[in-house]
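Adding 6 to a residue's 1-based position in the sequence shown gives its number in this note's numbering.
Here a beta-carbon is modelled for each residue, glycine too, at the ideal position from N, C-alpha and C.
These numbers come from a predicted model, not from an experiment.
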Amino acid sequence: MKIITVNVNKGGTGKSTVSYTLAKWLTIVQNKKVLLIDGDRSCNLSYSFSNVGTSSILDIFNGKEPVEIYNVGENLDFIKGSEQLEDNELDLKSKQNNCMLLFMWIADNFQKVQEYDYVIIDTHNDTSLVTSNFLAVADIVLGVSEPSRNGFRAWLELEETLNYLKSQLVDVVSRKTYVTATPYLIANKVDHIGSSSKQFLEMVELQRNYLGMI
Ligand SMILES: Nc1ncnc2c1ncn2[C@@H]1O[C@H](COP(=O)(O)OP(=O)(O)OP(=O)(O)O)[C@@H](O)[C@H]1O
Ligand SMILES: [Mg+2]
């Protein structure tokens, strides 16, 4: 089981589109079993699926068991988003383990989660404590960026955020980090003629973990 978190601190770059399309491709074309999680309080992914119940990602952060996982397609399960999934709303700042709540839920439910080939998590465009929970559990972080200076800056910031979490979220005795994700950059919304796309590609192609462009 691999966990892929899709994030970058810039709106509208294509995070939800990549999360959804990747989940569909893995299930339909590659015949893999996928758990898709809407970790964005905007809940854009959640609007893609009707006929789901009231349980949401909020239950994981609030420690409310059992968290219901909904089937939304062949080989595709879903944990719904919530508009209340926000640091202040959850009072995360007052909790000592505020970046590790999802990590702990996965540890508690490892047998169930292990049945999936992939867990894909869509996130909000921020570096909040909520989003840190999604970065902390990841094996891979897909930084979906777009041709703009801010898009490129957001990718650099994502690498920094991940390195910061790696340095902070450690076992207190061994100092071994819990955070093991590798970040990869996807250049999305690249057009064929625009000069900003050309400049952007020149920059991203130099990045060590550049995966490719759409
Ligand atoms: N490769 C692409 N080509 C054309 N349009 C795209 C592409 N990727 C995304 N879009 C469009 O761009 C818009 C923003 O995409 P999306 O909602 O996936 O971004 P997001 O990063 O999840 O945004 P937000 O930060 O609001 O959550 C959508 O209308 C989507 O259909
Ligand atoms: Mg989105």
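- Within the model, the alpha-carbon separation for Pro189 versus Glu165 is close to 7 angstroms.
- In the structure shown, the three-state DSSP call for Phe84 is strand.
- With a threshold of 16 other beta carbon atoms within 10 Å, Ile199 falls short and is exposed.
- In terms of Cβ geometry, Ile34 and Val125 do not form a close pair [threshold 7 angstroms].
- For Asn194, there is no enclosing beta strand (DSSP E), as DSSP gives it neither H nor E.
- In this structure, the straight-line span from the alpha carbon of Leu107 to that of Lys182 is close to 18 angstroms.
- Taking a C-beta distance under 7 angstroms as the contact criterion, Leu64 and Ser88 qualify as a contact pair.
- Ranked by Cα distance from Lys86, the options Leu32, Ile66, Ile43 are led by Ile43.
- Proximity of the stretch 166-181 to the stretch 21-33 falls short of the contact definition, fewer than three beta-carbon pairs being nearer than 8 angstroms.
- Excluding its 5 nearest sequence neighbours in each direction, Leu41 has C-beta neighbours in its own chain below 6 angstroms: Asp83, Tyr122, Val125, listed in chain order.
- With a minimum length of 3 residues, the unbroken runs of beta strand (DSSP E) contained wholly in the stretch 61-105 fall at 76-79, 82-85.
- By the C-beta density criterion, Phe67 is buried, having at least 16 other C-beta atoms within 10 angstroms.
- By the Cβ neighbour-count rule, Val147 is buried, with 16 or more other Cβ atoms within 10 Å of its own.
- In the structure shown, Asp114 adopts helical secondary structure according to DSSP, grouped into three states.
- Ligand 1 has no heavy atom closer than 6 angstroms to the beta-carbon of Ser134.
- Between the beta-carbon of Pro153 and that of Phe109 there is about 34 angstroms, and that puts the pair past the 8 angstroms contact cut.
- With respect to the C-alpha of Val24, the residue from Asn115, Thr129, Glu74, Ala160 having the closest C-alpha is Thr129.
- With fewer than 16 neighbouring CB atoms inside 10 Å of its own CB, Tyr53 falls in the exposed class.
- The residue from Asn77, Gln102, Gly218 with its alpha-carbon nearest to that of Gly59 is Asn77.
- Ligand 1 has a heavy atom closer than 6 angstroms to the beta-carbon of Thr19.
- Around Ser56, the same chain offers no residue with a beta carbon nearer than 7 angstroms, after the five sequence neighbours per side are excluded.
- In this structure, the CA atom of Ala142 is about 11 angstroms from the CA atom of Ile112.
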